[in-house]
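> Handing you this structure, nothing more for now.
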Amino acid sequence: MPSTLPLARTNAEAHIYMDLHPCACGNGAFERNSSVIEVDGDLASRYVGACSGCGERREFVFAIPQDVRLPPPGSVVFGYGGQSELLDAGEWLFVADRYARATPAKYEPGTEAARQARQQVATAAAAMGEVLAFVPEGGDAVPYESLRTDRGREVFDAQPGRFYRDRLKVIRDTYEEILTEMDAKAPSA
Ligand SMILES: [Zn+2]
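Sequential numbering of the sequence shown, starting at 179, is according to the working numbering.
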């Protein structure tokens, strides 16, 4: 019997999904103790912990890919091709916007703040790649029917023009250029 659990292609994708699904008290943070468990004969990853806001027990279980790959250190990878099962294109754009906006304009190279800024831009760039994954082969935009969530549809309805392949690529390329500039400025280890 195929597992009906949603597939988390990477830990990073699972964490983004959990961030987007906060506790009823509104707090999204909880101490995420992860373990690999077996569900219906398949391996799954489970995250359990107490909500940082109200102490309520939080739990998420995801299917994991047959071949688990670890992204290289310092990189942000949500998947390896294909479309996300956890977030739709609108949610990925929401994530990209959020991380891009949170990136400070100024920071001292080589500091923890610089490392965090790089992580935020890398997350935004990777999230843009996930939006692009929903543009069908030969198509020029994300189809509205592919949006599965209220949040995703809200983002789309606010600015449908942002979901064209060309515009998505421009934004993603911009984030990647910023990353390249950041790395050029960073002192080599
Ligand atoms: Zn709570």
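Ideal placement from N, C-alpha and C gives every residue a C-beta, glycine not left out.
Thinking C-beta only, is S223 closer than 8 angstroms to F208?
Translated into the one-based positions of the sequence shown, residue 208 becomes position 30. Translated into the one-based positions of the sequence shown, residue 223 becomes position 45. Result no, Cβ atoms of F208 and S223 do not sit closer than 8 angstroms.
> How big is the Cα-Cα spacing for T281 and E290?
In the sequence shown, the residue the question calls residue 281 occupies position 103. In the sequence shown, the residue the question calls residue 290 occupies position 112. Spanning the two alpha carbons is a distance of roughly 13 angstroms.
> To which residues of the same chain is V226 closer than 6 angstroms at the C-beta, ignoring the five residues directly before and after it?
Here residue 226 refers to the residue found at position 48 when the sequence shown is read from its first residue. The beta carbon of V226 lies closer than 6 angstroms to those of N211 and E237 in the same chain, with the five residues before and after it left out.
> Could you check how far apart the C-beta atoms of D288 and A364 are, in whole angstroms? I think they sit under 8 angstroms.
Within the sequence shown, residue 288 is the residue found at index 110, counting from 1. Within the sequence shown, residue 364 is the residue found at index 186, counting from 1. The identity of residue 288 in the sequence shown is Gly, whereas the question assumes Asp. Correct: roughly 6 angstroms between the Cβ atoms.
> Give the straight-line distance between the Cα atoms of Y342 and G233, rounded to the nearest whole angstrom.
Position 164 of the sequence shown, counting from 1, holds the residue named residue 342. Position 55 of the sequence shown, counting from 1, holds the residue named residue 233. Whole-angstrom Cα-Cα distance: 42 angstroms.
> Is it buried or exposed, Y258, if we count other Cβ atoms within 10 angstroms and call 16 or more buried?
For this step, residue 258 is matched to residue 80 along the sequence shown. Exposed: under 16 other Cβ atoms inside 10 Å.
> Measure from the alpha carbon of R340 to the alpha carbon of each residue in D245, D318 and L185, then state which is nearest.
Against the sequence shown, residue 340 aligns to sequence position 162. Here the closest residue by C-alpha is D318.
> Tell me the rounded alpha-carbon separation between P276 and A228.
Within the sequence shown, residue 276 is the residue found at index 98, counting from 1. Within the sequence shown, residue 228 is the residue found at index 50, counting from 1. Checking the sequence shown, residue 276 turns out to be Arg, not Pro. Each residue's Cα considered, the two are about 25 angstroms apart.
> What does a CB cutoff of less than 7 angstroms around L221 pick up in its chain, not counting 5 residues either side in sequence?
The residue you call residue 221 lines up with position 43 of the sequence shown. The answer, listed in chain order, is V214 and I242.
> Specify, as a first and last residue, the run of the alpha helix (DSSP H) that E237 falls within.
As a first step, residue 237 is located in the sequence shown; it is residue number 59 there, counting from the start. E237 -> not in any alpha helix (DSSP H); beta strand (DSSP E) instead, spanning R235 to A241.
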